[in-house]
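Numbering (numbering that gives the first Met the number 0), first residue to last: 0 to 359.
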Amino acid sequence: MNRRAKPHPPARARARPVTPAARVIIRRSGIALIALLALAALYWYATSRPVSRPLPPDPWKVAAGDRLVLEPLAPGPLLAVEGADNEGVDVRFDGAHLDDQTVKSLHDDFALTMPTSDGALSWTTAQAGTGHTMIDIALEPGSGIADVQIAHIGEGPHPGLNIVAHHAPLKVQLAVLLGDGGTAPAVAEQKELRVANQPAARVPGAVALTVLVQEDHALTLTFPSRKPASVLHLGGAEDPDAASSGLPLRSAAVRLSDSSTDTLFACAASEEADYRPLRSPAIQDCSTSGLLRATKLELKPDSVIVTIHGSAWFTKNGVWVTDDWFSKYIGTNLVLGVLISAMVGALCTMVVTAVFGRAS
Numbered sequence: 000m001n002r003r004a005k006p007h008p009p010a011r012a013r014a015r016p017v018t019p020a021a022r023v024i025i026r027r028s029g030i031a032l033i034a035l036l037a038l039a040a041l042y043w044y045a046t047s048r049p050v051s052r053p054l055p056p057d058p059w060k061v062a063a064g065d066r067l068v069l070e071p072l073a074p075g076p077l078l079a080v081e082g083a084d085n086e087g088v089d090v091r092f093d094g095a096h097l098d099d100q101t102v103k104s105l106h107d108d109f110a111l112t113m114p115t116s117d118g119a120l121s122w123t124t125a126q127a128g129t130g131h132t133m134i135d136i137a138l139e140p141g142s143g144i145a146d147v148q149i150a151h152i153g154e155g156p157h158p159g160l161n162i163v164a165h166h167a168p169l170k171v172q173l174a175v176l177l178g179d180g181g182t183a184p185a186v187a188e189q190k191e192l193r194v195a196n197q198p199a200a201r202v203p204g205a206v207a208l209t210v211l212v213q214e215d216h217a218l219t220l221t222f223p224s225r226k227p228a229s230v231l232h233l234g235g236a237e238d239p240d241a242a243s244s245g246l247p248l249r250s251a252a253v254r255l256s257d258s259s260t261d262t263l264f265a266c267a268a269s270e271e272a273d274y275r276p277l278r279s280p281a282i283q284d285c286s287t288s289g290l291l292r293a294t295k296l297e298l299k300p301d302s303v304i305v306t307i308h309g310s311a312w313f314t315k316n317g318v319w320v321t322d323d324w325f326s327k328y329i330g331t332n333l334v335l336g337v338l339i340s341a342m343v344g345a346l347c348t349m350v351v352t353a354v355f356g357r358a359s
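Next up, the structure:
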């Protein structure tokens with residue numbers, strides 16, 4: 000019986016050896032590719048690093064629903080309200096208590112017994128009079144880096160402010176100074192004081208009250224007119240031209256409602272300072288040398304306007320202000336620009352030649 004011979008498997012084609020010339024081309028092309036990537040990385044780094052600049056003079060606008068986020072440098076005066084003539088301001092707290100001296104004074108002078116525990120509290124106008132509301136809000140020492148969030152609120156035609164401090168309590172002093180009634184006799188403004196679930200008590204506005212607000216709890220200021228004439232001071236100095244006026248800041252931001260996205264952000268830094276790390280500036284990178292100040296706050300019918308002065312690393316719509324020194328330098332040094340273009344072109348030619356072969 001004849002057996003059929005098994006067919007031999009086809010011989011595998013031998014791989015063509017890489018010639019020394021090809022090795023040289025591959026090595027040079029790899030070096031060229033690495034050089035191109037290094038140049039691209041260097042260009043990205045040189046042109047993407049934030050640089051500190053003086054902030055633009057345009058005031059920041061905080062629309063209704065958005066928040067102004069301020070990080071003061073230290074505890075101290077935060078905001079003062081100098082009420083206009085007969086412009087009573089209503090103040091409400093969602094978690095606060097009267098200080099011990101105020102509780103004692105109300106008991107001694109008006110036989111009022113007030114709770115000392117935290118709860119809802121309000122100080123509202125019961126009877127208008129001739130006077131000037133004076134409100135002083137101070138940031139007390141807290142447990143960490145404090146930030147204060149200020150938002151525009153509106154109750155019909157009555158605009159106002161919502162203020163919340165994180166990582167620090169607030170101390171709020173309230174009073175109405177008796178004004179000049181002109182030809183008519185001056186009439187003292189009367190306030191309705193309501194603490195927690197206690198019955199409302201009527202007290203003269205001239206009676207000074209001190210309220211302590213726990214961190215993470217809000218206070219609201221509501222003004223009686225659509226365009227308030229009262230003046231709001233940030234910080235302790237009342238003279239806007241004084242060198243120490245305004246509120247010294249570590250950082251400031253305008254944050255979208257119900258979001259952690261900042262449309263504007265300023266992180267205090269010395270002018271012309273480059274930020275060298277690959278990440279973006281964070282709160283811990285902001286200067287504590289008083290280089291940034293909030294100097295003016297205005298309450299509009301539908302927004303809050305704040306003026307920020309100083310130098311900072313700054314973003315607008317999430318984009319950092321970067322140093323344009325490279326473009327300026329290349330623009331004024333044409334020879335260097337031509338040399339760089341020629342070098343990049345030569346490197347690209349080497350890579351293309353290695354991949355696609357030399358053009359015939």
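Backbone N, C-alpha and C fix where the C-beta goes; we use that ideal spot for every residue, glycine too.
A straight line joining the alpha-carbon of PHE109 with that of THR101 spans about 11 angstroms. DSSP places PHE109 within a helical segment (H, G or I) once states are collapsed to three. Between ARG225 and PRO114, the CB-CB gap reaches or exceeds 9 angstroms. For GLN172, the CB contacts under 6 angstroms within the same chain, skipping 5 residues up- and downstream, are ASP135 and THR209 in chain order. The criterion of a C-beta distance shorter than 9 angstroms is not satisfied by GLY128 and LEU192. Beta-bridge partners of ALA200 (DSSP): LEU192.
Excluding sequence positions up to five before and after GLU188, its CB lies within less than 7 angstroms of the CB of GLY87, THR124, GLN126, ALA127, GLY128, GLY130, VAL175 and GLY204, all in the same chain and listed in chain order. Taking C-alpha positions only, GLY118 is separated from PRO53 by approximately 43 angstroms.
In this structure ALA95 does not touch LEU277 by the C-beta definition: roughly 44 angstroms separates them, more than the 8 angstroms allowed. Annotation: ILE282 to ALA199 spans about 43 angstroms, alpha carbon to alpha carbon. Listed as beta-bridge partners of GLY130 by DSSP are LEU177. Residue burial annotation: ARG66 is buried, with at least 16 other C-beta atoms found within 10 angstroms of its C-beta. For LYS60, the enclosing beta strand (DSSP E) covers residues 59-62. Secondary structure at ARG249: strand, using DSSP grouped into helix, strand and coil.
With a cutoff of 9 angstroms on beta-carbon distance, ALA251 and VAL163 are scored as not near each other. With respect to the 9 angstroms criterion, LEU298 and LEU231 are classified as neighbours on the basis of their beta carbons.
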